[in-house]
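> Residues in the sequence shown are numbered from 796 upward in steps of one, following this note's numbering.
Please find one structure pasted underneath; my questions will follow.
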Amino acid sequence: MIKCFIKHLLLLTILLTGFVYESSAQTAEVGASLDRKAIKIGEQTQLHITARVHVKDKDKVEFPVLADSIANKILIVGGKADTVVDKNDASIETIGHHYLITAFDSGEYVIPAYAFHTEGAEIKTAPLKLIVATVAVDTTKAAYDIKQPLVVQYTFLDWLMDNLVLVLIIEAAIIIGGVLFLIFYLRSKNKKKVVVEEPKPLVPIHVLALQKLTELRNRKLWQQEQTKQYHTELTDIMRDYLENRYVIKAHEQTSDEIFASLRYMDISEDNRNALRQVLILADLVKFAKEKPLPQDNEQSMDNAVAFVNRTQQAIQLPIEKQEDNK
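Below is the structure:
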């Protein structure tokens, strides 16, 4: 009889242990998902890591901690967390950690399984696959000129009627200016002529940008642990150049807004990628999301110089007339 009692006691202990383990394992339902499973180089997508838990158990669930990068190639550039209450059961909440990720090398990457820790158990998400593709350039198609806007007939009389006040002001200004010029001429007729120096020619914008880039390179800021200052000055130079070259408000825009402003500009894909690398790496350094390697710092400078050289406007030099010596 004692043996029978011991057997029943052991059986009851095993059942209770299994119940406790099952309750602990069911503390949360975890998952991981991507907004897009395939992106192009430089594009971004959202990684969602969630846990569905009972309100009384949410403090028992420990979320995984992610570093600044995933699989050494996928960069985390932003993140946020939120909590959503179940519409049908107010005692159930879904806690979500959402990460904005991107990559600059093409390939197929595996986002590993992430482990959640609860009381006495570890629950893992399923691994995910992210495909990063290069930007395809169709070289078989010829480039077409931009269609010119339709010309609407607008006569001189129409213009004159629309600007009558302006025309009268200009005529009055010309008459007054002529009278003042005549008075000034008569008074200064006998005075010594003042020699007026010719204005110095303006430095072309690409030459000025290249000079500033050379000066920045020679200062060796990132070699002196001033990486953030280096990338800040580098992007300031590029924004100055973009404002003058393409007439956009680059200093008032984010990197994404700059790319949007340049969408219809005559810029090759290689040049766009070079500019994208300079601006995005600077953003990551600015927000302390990445500490670039020395070759990354050099690549940003090389890409900036290449972009300016390849997008500069052609300068038409004046033709000097030579007198024949006879």
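Cβ coordinates follow ideal geometry from the N, Cα and C atoms, glycine included.
1) Could you round the C-beta distance between leucine 1011 and valine 1100 to whole angstroms and report it? I think they count as a contact, below 8 Å.
2) Taking 7 Å as the cut-off, does the CB of asparagine 1066 come closer than this to any heavy atom belonging to the ligand HEM?
3) Indicate the three-state DSSP secondary structure (helix, strand or coil) for alanine 1101 in the structure shown.
4) Are the CB atoms of threonine 840 and aspartate 830 within a distance shorter than 8 Å?
5) Applying the criterion that 16 or more other CB atoms from any shown protein chain within 10 Å of the CB defines a buried residue, is glutamine 1072 buried or exposed?
6) Check serine 818 in the structure and name its three-state DSSP category.
7) For leucine 1029, name the three-state secondary structure that DSSP assigns.
8) Drop a sphere of 10 angstroms on the beta-carbon of leucine 1037, count the other beta-carbons inside from all chains shown, and report buried for 16 or more, exposed for fewer.
9) Below 8 Å CB to CB, which residues in the same chain sit around leucine 955 once its five sequence neighbours on both sides are set aside?
10) Looking at alanine 862 and leucine 923, is the spacing between their C-beta atoms short of 8 Å?
11) I'd like to check one pair, valine 930 with glutamate 1064: are the Cβ atoms closer than 8 Å?
12) Can you check whether the C-beta of asparagine 958 is within less than 8 Å of a C-beta belonging to chain D?
13) What do you reckon, are the CB atoms on tyrosine 894 and leucine 842 nearer than 8 Å?
14) Going by beta carbon distance, what residues of the same chain come within less than 7 Å of aspartate 1078, once the five residues before and after it are set aside?
15) Leaving aside the five residues before and after histidine 1046 along the sequence, list all residues of the same chain whose C-beta is less than 6 Å from its C-beta, in chain order.
16) Pairing CB atoms from the stretch 896 to 915 with CB atoms from the stretch 863 to 870, are three or more of them under 8 Å?
17) Output yes or no for whether 8 Å exceeds the beta carbon distance between glutamine 1098 and threonine 1022.
18) Based on Cα-Cα distance, which residue from Asn1068, Ala1055, Ile1075, Pro1089 lies nearest to arginine 1105?
19) Any idea if isoleucine 1032 is buried or exposed, counting beta-carbon neighbours within 10 angstroms, 16 or more meaning buried?
20) Just to confirm, is the Cβ distance from proline 944 to phenylalanine 911 under 8 Å?
21) According to DSSP, glutamate 857 sits in a beta bridge with which residue or residues?
22) Take arginine 847 and list the residues in its own chain whose beta-carbon comes closer than 6 Å to its own, dropping the five residues that flank it on each side.
23) Name, in chain order, the residues that DSSP records as bridge partners for glutamine 839.
24) If you measure between the beta carbons of histidine 892 and glycine 874, is that distance less than 8 Å?
25) Given a threshold of 16 other Cβ atoms within 10 Å of its Cβ, counted over all protein chains shown, does phenylalanine 1102 qualify as buried or as exposed?
Looking at the atomic coordinates:
1) Along the sequence shown, one-based indexing puts residue 1011 at 216. Along the sequence shown, one-based indexing puts residue 1100 at 305. Actually they do not touch by this definition, with Cβ atoms about 10 Å apart.
2) In the structure on display, the ligand HEM does not appear, and there are no ligands present to speak of.
3) Counting from 1 along the sequence shown, the entry for residue 1101 is found at position 306. The answer is helix: DSSP assigns alanine 1101 an H, G or I state.
4) Within the sequence shown, residue 830 is the residue found at index 35, counting from 1. Within the sequence shown, residue 840 is the residue found at index 45, counting from 1. Against a cut-off of 8 Å, the Cβ pair of threonine 840 and aspartate 830 comes out as a contact.
5) Taking the sequence shown and counting its residues from 1, the one referred to as residue 1072 is at position 277. Result: buried.
6) The residue labelled residue 818 in the question sits at position 23 within the sequence shown. In this prediction, serine 818 has a pLDDT of 41, which is less than 50 and means its spatial position is unreliable; what the coordinates show is noted afterwards. Note: serine 818 maps to helix in three-state DSSP.
7) Residue mapping note: residue 1029 aligns to position 234 of the sequence shown, counting from 1. Three-state result, leucine 1029: helix.
8) Taking the first residue of the sequence shown as position 1, residue 1037 is located at position 242. Looking at its Cβ environment, which holds 16 or more other Cβ atoms inside 10 Å, leucine 1037 is buried.
9) Walking along the sequence shown from the start, residue 955 turns up at place 160. The answer, listed in chain order, is Val962.
10) Counting from one through the sequence shown, the residue named residue 923 turns up at place 128. Counting from one through the sequence shown, the residue named residue 862 turns up at place 67. The answer is no: Cβ separation not under 8 Å.
11) On the sequence shown, residue 1064 is found 269 positions in, with the first residue counted as 1. On the sequence shown, residue 930 is found 135 positions in, with the first residue counted as 1. Result yes, Cβ atoms of glutamate 1064 and valine 930 sit closer than 8 Å.
12) No chain D appears in the structure shown, which is made up of a single protein chain.
13) Along the sequence shown, one-based indexing puts residue 894 at 99. Along the sequence shown, one-based indexing puts residue 842 at 47. In this structure, leucine 842 lies closer than 8 Å to tyrosine 894 by Cβ.
14) Taking the first residue of the sequence shown as position 1, residue 1078 is located at position 283. Around aspartate 1078: Ser1050.
15) Working through the sequence shown from its first residue, we reach residue 1046 at position 251. Only Arg1034 meet the Cβ criterion.
16) yes
17) Translated into positions along the sequence shown, residue 1098 becomes position 303. Translated into positions along the sequence shown, residue 1022 becomes position 227. At residue 1098 the sequence reads asparagine, which differs from the glutamine that was named. Contact: no.
18) Stepping through the sequence shown from its first residue, residue 1105 is reached at position 310. Checking every option, the nearest Cα to that of arginine 1105 belongs to Asn1068.
19) Position 237 of the sequence shown holds residue 1032. Counting Cβ neighbours within 10 Å, isoleucine 1032 comes out buried, since at least 16 surround it.
20) For the purposes of this step, residue 944 is taken as residue 149 along the sequence shown, with counting starting at 1. For the purposes of this step, residue 911 is taken as residue 116 along the sequence shown, with counting starting at 1. For proline 944 and phenylalanine 911, no; Cβs fall outside 8 Å.
21) Within the sequence shown, residue 857 is the residue found at index 62, counting from 1. According to DSSP, glutamate 857 bridges with His912.
22) One-based indexing of the sequence shown puts residue 847 at position 52. Correct list, in chain order: Glu824, Thr889.
23) Here the question's residue 839 lines up with position 44 in the sequence shown. In the DSSP secondary-structure assignment, glutamine 839 is bridged to Thr897.
24) Position 97 of the sequence shown, counting from 1, holds the residue named residue 892. Position 79 of the sequence shown, counting from 1, holds the residue named residue 874. Yes; because the gap between Cβ atoms is below 8 Å, this pair is in contact.
25) For the purposes of this step, residue 1102 is taken as the residue at position 307 of the sequence shown. Phenylalanine 1102 is buried by the Cβ-count criterion.
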